[in-house]
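Trainee:
Residue numbers (the numbering used here): 2 to 832.
1) Helix or strand or just coil, what does DSSP make of residue 133?
2) Can you say whether residue 815 is buried or exposed, counting buried as having 16 or more other CB atoms within 10 angstroms of its CB?
3) Name the two residues that bound the continuous alpha helix (DSSP H) containing residue 451.
4) Is the region 6-17 in contact with the region 54-67, if contact means three or more CB pairs nearer than 8 Å?
5) Have a look at the DSSP bridge pairing and note the partners of residue 1.
6) Compare the Cα-Cα distances from residue 411 to each of 360, 310, 47 and report the closest residue.
7) Would residue 469 and residue 582 qualify as a contact pair, given that the criterion is a beta-carbon distance under 8 Å?
8) Could you give the uninterrupted runs of the alpha helix (DSSP H) lying entirely in the region 462-496, keeping only those of 4 residues or more?
9) How long is the line joining the alpha carbons of residue 638 and residue 444, rounded to whole angstroms?
10) Is it buried or exposed for residue 295, if we count other Cβ within 10 angstroms and need 16 for buried?
11) Measure the beta-carbon distance from residue 731 to residue 821 and round it to whole angstroms, keeping in mind my assumption that it falls under 8 Å.
12) Counting beta carbon pairs with one atom in the region 527-543 and one in the region 772-782, are three or more of them shorter than 8 Å?
13) Run the CB neighbour count on residue 265, radius 10 Å, all protein chains shown included, and call it buried at 16 or more, exposed below.
14) Please list the terminal residues of the continuous alpha helix (DSSP H) segment that includes residue 711.
15) Using the Cβ count rule (16 or more neighbours within 10 Å means buried), how would you classify residue 128?
16) Mind checking residue 707: buried by the 16 CB within 10 Å criterion, or exposed?
17) Can you tell me whether residue 157 is helix, strand or coil according to DSSP?
18) How would you call residue 448, buried or exposed, if buried means at least 16 neighbouring beta carbons within 10 angstroms?
19) Taking three-plus beta-carbon pairs below 8 Å as touching, is the region 207-217 in contact with the region 280-291?
20) Assuming residue 516 and residue 635 make a contact with CB atoms under 8 Å, what is their CB distance in whole Å?
21) Taking buried to mean at least 16 other C-beta atoms within 10 Å of its own C-beta, is residue 735 buried or exposed?
22) Suppose you measure from the CA of residue 750 to the CA of residue 723; what does that come to, to the nearest Å?
23) Which partner residues of residue 186 appear in the DSSP bridge assignment?
24) Assuming residue 654 and residue 666 are in contact, meaning their beta carbons sit under 8 Å apart, how far apart are those beta carbons, in whole angstroms?
25) Are there 16 or more other CB atoms within 10 angstroms of the CB of residue 98, so buried, or fewer, so exposed?
26) What number of angstroms, rounded off, separates the C-alpha of residue 133 from the C-alpha of residue 147?
27) If you run the structure through DSSP and keep just helix, strand and coil, what is residue 44?
28) Would you tell me roughly how many angstroms separate the C-alpha atoms of residue 663 and residue 518, rounded to the nearest one?
29) With C-beta atoms as the reference, is residue 729 less than 8 Å away from residue 616?
30) Within 10 angstroms of the Cβ of residue 289, are there 16 or more other Cβ atoms? Answer buried if so, exposed if not.
31) Which stretch, first to last residue, makes up the beta strand (DSSP E) that contains residue 58?
32) So is residue 720 buried or exposed if we call it buried at 16+ other beta carbons inside 10 Å?
33) Would you report the Cα separation of residue 333 and residue 69, rounded to the nearest angstrom?
34) Anyone know if the C-beta pair for residue 55 and residue 83 falls short of 8 Å?
35) So residue 630 packs on residue 676, CB below 8 Å; how close in whole Å?
36) When you compare only the Cα positions, how much space is there between residue 181 and residue 77?
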């Protein structure tokens, strides 16, 4: 086909049936503007419906018969939405996480990147309204022409369809197009648009005195505008209107006289722009901080990819090390990403980093509006920002010259996505650093078992920071056996020791944090007469009671209603609220300590935009004496006046059916304990538990990571859990329980057969299928199959599992079983 070029395009649909690369030809007129990563409009399917897609490869020769190749209709935008590097990352994610193309593309794309694609129909010059005799045009064709006439000669296809509900509409359009009476072209509109702002400025500053002479003394507002613009220069219309209280008609009058001009410029949506930022001086670094940066900086300077694990106790100054490394990265004309496990931490980090780096910092996280995320993404893409700070998804920030990725609190499970693609931010960061010869730095006081093992095996370079920055000792941790409290008649949620320590803390005008990793007022409602438990109709999970709104709600699907006053099962009045959550802790704390000002930080109090930042700021300003919260308060927050931390129920995680339960318990106690004693005063931690002898709790008390690691590794080895194995959680979901079970059992039989064919003994290799811990969520039943492999066999197992899944989905796509989804999660964080 001569000099014609061809492209591979991924269609903008999240469907297994269309999850492939389609070959399209590129017309000569757009060949110069198309590239890998370009967003395009293409005809698709039998009806050639126009749809958006993304170019993932460019071919010199077609890989299919030329007769069947369709043409790209349009390239969206002046430059590719995605870089070739981003497309390579998507290709890797498809292989690594068994996800669809569009699921990966949505990760690397800006929020609101999608375009609404529509066909625009126009009458041609050939059409006069009388040229074609009625015999030559069908009835539908004549109706289309009449409609276009009434719409001044053009309309979009959706408007035409709404007006003309005819099955023959497509045939009518085809007929008119063949006769040359209409044209049909693709028109695309971005879902998120840049914000435009009017800017007012004086046309010529040399003639200001002349302007004043020509303005009537009664034109007071016009004179005010000229005086303000003379003093302040070009001003946004919204600002001018607010300050001078003037109308647009007054501005237009000045424009008509030729005194001013009105321009339009883009206004960037900047999150946190009203946050007071003070320039920060560089503190004096400790020996441990200097040693850490001196080990890492040469790798940044020489473009040598490497991974470092900083094992630093809470308060050791890891953040300042990150800042020094980012400063060096910027000196090398490169860019940096800083990942944080909680959005709650982002506010604190923004204050620190904007104080040091100013406008070079961009923010990326899900609490921003779509417009704010879109503009921050574009600031990064256009080189206006050199540093991206955010939660898990910020790992995809579109930097072209990436030199450094920092992952703070690397052990946190929030770095693992719970939705497809089920990526882990650390794995994505490792791939991106390999792409860019960049350095990956991870920091934690409680590294994950997997990361620490890699450090001991020299896959990561380990750096220890064993002392706090201010030389304060780590807080003293006291374990309270709640069994003894109960035996001695104390049925309160507060042990006597914790009660006394809170009183002492308040007397000294210091602050306290109370931690409980469960929100709500009561964890479930039950009938004491018949044992009935109030459950979610969508998830079959016990509903949590929230006293402030007087409602019960499901924390999985969002269902809520008013709690019953009588039992729905036996009509008795013996309805009781069981368990405790952060809301109940707040009420009881206020009851026991009425003199204290109390705040609460959990998903319920931070659902409104800006509330999280406000609560944290208020606590830092000492507007609260006691802050009660879930795991949001356990990570990285720095409050100098906090001298007491109370862990209400330390063993709540220990009883979960999860092999990581002990690790999470150790990490949570250590992390939340680290909030105490970060200022000038020393800290104390009270840990309440019914299992005071458990090794995770004892190790946390002694600040002894190594002893915890050794004990945990013994158990992991005994039961063949990571890092000794790779886990695959194969989840089967669907609205009909019988079909879900049937597909799960079919998968298991095929897996057993395939393992035997590969010479692998199935015994002890997989478990199930069986109902998931929560069998029904959001009206869908869930069964699972757990597979264990040796790490060296991970890729072979992944191929076996994916082949079975693909074959099953292909075999049953046109049957009653097509509604069952099969999701593969490699090394899941939640079982």
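Here a beta-carbon is modelled for each residue, glycine too, at the ideal position from N, C-alpha and C.
Mentor: The answer reads as follows:
1) Reliability of the predicted coordinates at residue 133 is poor, the pLDDT of 49 falling under 50, and no value is obtained from them.
2) When all chains shown are included, residue 815 counts as exposed.
3) 450-457 is the span of the alpha helix (DSSP H), which, as asked, contains residue 451.
4) As far as the Cβ criterion goes, the region 6-17 touches the region 54-67, which means the pair count is three or higher.
5) Not covered by the structure: residue 1. The range shown for the chain is 2 to 832.
6) Looking only at 360, 310, 47, the smallest Cα-Cα distance to residue 411 is reached by 310.
7) 8 Å or more divides the Cβ of residue 469 from the Cβ of residue 582.
8) For secondary structure counted as the alpha helix (DSSP H) over 4 or more consecutive residues, the region 462-496 holds these complete runs in sequence order: 483-488.
9) Here the C-alpha atom of residue 638 lies approximately 15 Å from the C-alpha atom of residue 444.
10) That one is exposed.
11) Contact annotation, residue 731 with residue 821: C-beta distance approximately 12 Å; criterion of less than 8 Å not satisfied.
12) With a cut-off of 8 Å, the region 527-543 and the region 772-782 count as touching, because enough Cβ pairs lie within range.
13) Counting Cβ neighbours within 10 Å, residue 265 comes out exposed, since fewer than 16 surround it.
14) 706-719 is the extent of the alpha helix (DSSP H) around residue 711.
15) Flag for residue 128 reads buried.
16) Residue 707 is exposed by the Cβ-count criterion.
17) Strand, per DSSP.
18) Counting Cβ neighbours within 10 Å, residue 448 comes out buried, since at least 16 surround it.
19) Flag = no, the region 207-217 and the region 280-291 do not touch.
20) That pair is a contact at about 6 Å.
21) A buried status is given to residue 735, since no fewer than 16 other beta-carbon atoms sit within 10 Å of its beta-carbon.
22) Distance between the alpha carbons of residue 750 and residue 723 is about 25 Å.
23) Answer is 121.
24) Rounded to whole angstroms, the Cβ separation of residue 654 and residue 666 is 5 Å, and the two are in contact under 8 Å.
25) Buried is the call here.
26) Unreliable placement is indicated for residue 133, whose pLDDT of 49 sits below 50; no coordinate value is reported for it.
27) Residue 44: strand per DSSP, three-state reduction.
28) Approximately 15 Å between the Cα atoms of the pair.
29) For the 8 Å CB-CB criterion, residue 729 and residue 616 do not form a contact.
30) It is buried - the Cβ of residue 289 has at least 16 other Cβ atoms within 10 Å.
31) Start and end: 50-60.
32) Under this definition residue 720 is an exposed residue.
33) Rounded to the nearest angstrom, the two C-alpha atoms are 50 Å apart.
34) Yes, the pair counts as a contact, with Cβ atoms nearer than the cut-off.
35) Actually they are not in contact, since the Cβ atoms of residue 630 and residue 676 sit about 10 Å apart, beyond 8 Å.
36) Rounded to whole angstroms, residue 181 and residue 77 show a C-alpha spacing of 26 Å.
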